[in-house]
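Only one structure is covered here, and it is reproduced in the block below.
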Amino acid sequence: MLSHISMKKSLFLFTLVFLLGCSDSKDDLSREIDTVILDDLIQHSNEFDKHVYSFDNGLHLAVGYG
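Remember, my numbering sits 722 above the position in the sequence shown when you count from 1.
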């Protein structure tokens, strides 16, 4: 009887820890960092004019599209 109760407690604790660990919510600091990184990436992308360079040997180089 005692081991059955102990097993139920262990299963309950495992389930509780598992469910709490599976949260997909982000904290506010993480969201602020994501916003700053996105803003920096947009500014960095604006530094490059879209242009395709073509060379005599058949090589083509695209800049500013990615």
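Just so it is clear, CB atoms sit at the ideal spot from N, CA and C, and this is done for glycine as well.
Next on the checklist: Looking at the secondary structure, which residues open and close the beta strand (DSSP E) in which LEU783 lies?
Outcome noted: Position 61 of the sequence shown, counted from the first residue, corresponds to residue 783. Judged by DSSP secondary structure, LEU783 falls within the beta strand (DSSP E) whose first and last residues are 782 to 785.
Item to check | Strand pairing of SER856, partner residues [DSSP] | outcome: For the chain, the structure presents residues 723 to 788; residue 856 sits outside this window and is missing.
Checklist entry - So, are the CB atoms of HIS773 and VAL758 less than 7 Å apart? => result Within the sequence shown, numbered from 1, the residue matching residue 773 stands at position 51. Within the sequence shown, numbered from 1, the residue matching residue 758 stands at position 36. Cβ atoms of HIS773 and VAL758: not closer than 7 Å.
Checklist entry - Leaving out five residues before and five after ASP783 in sequence, what residues of the same chain have Cβ atoms less than 6 Å from its Cβ? => result Looking up residue 783 in the sequence shown gives position 61. It should be noted that the sequence gives Leu, not Asp, for residue 783. For LEU783, where only same-chain residues beyond five positions count, the Cβ hits under 6 Å are TYR775.
Checklist entry - Can you tell which of HIS726, GLY743, TYR787 has its C-alpha closest to the C-alpha of PHE669? => result In the structure as shown, the chain begins at 723 and stops at 788. Residue 669 is therefore absent and cannot be evaluated.
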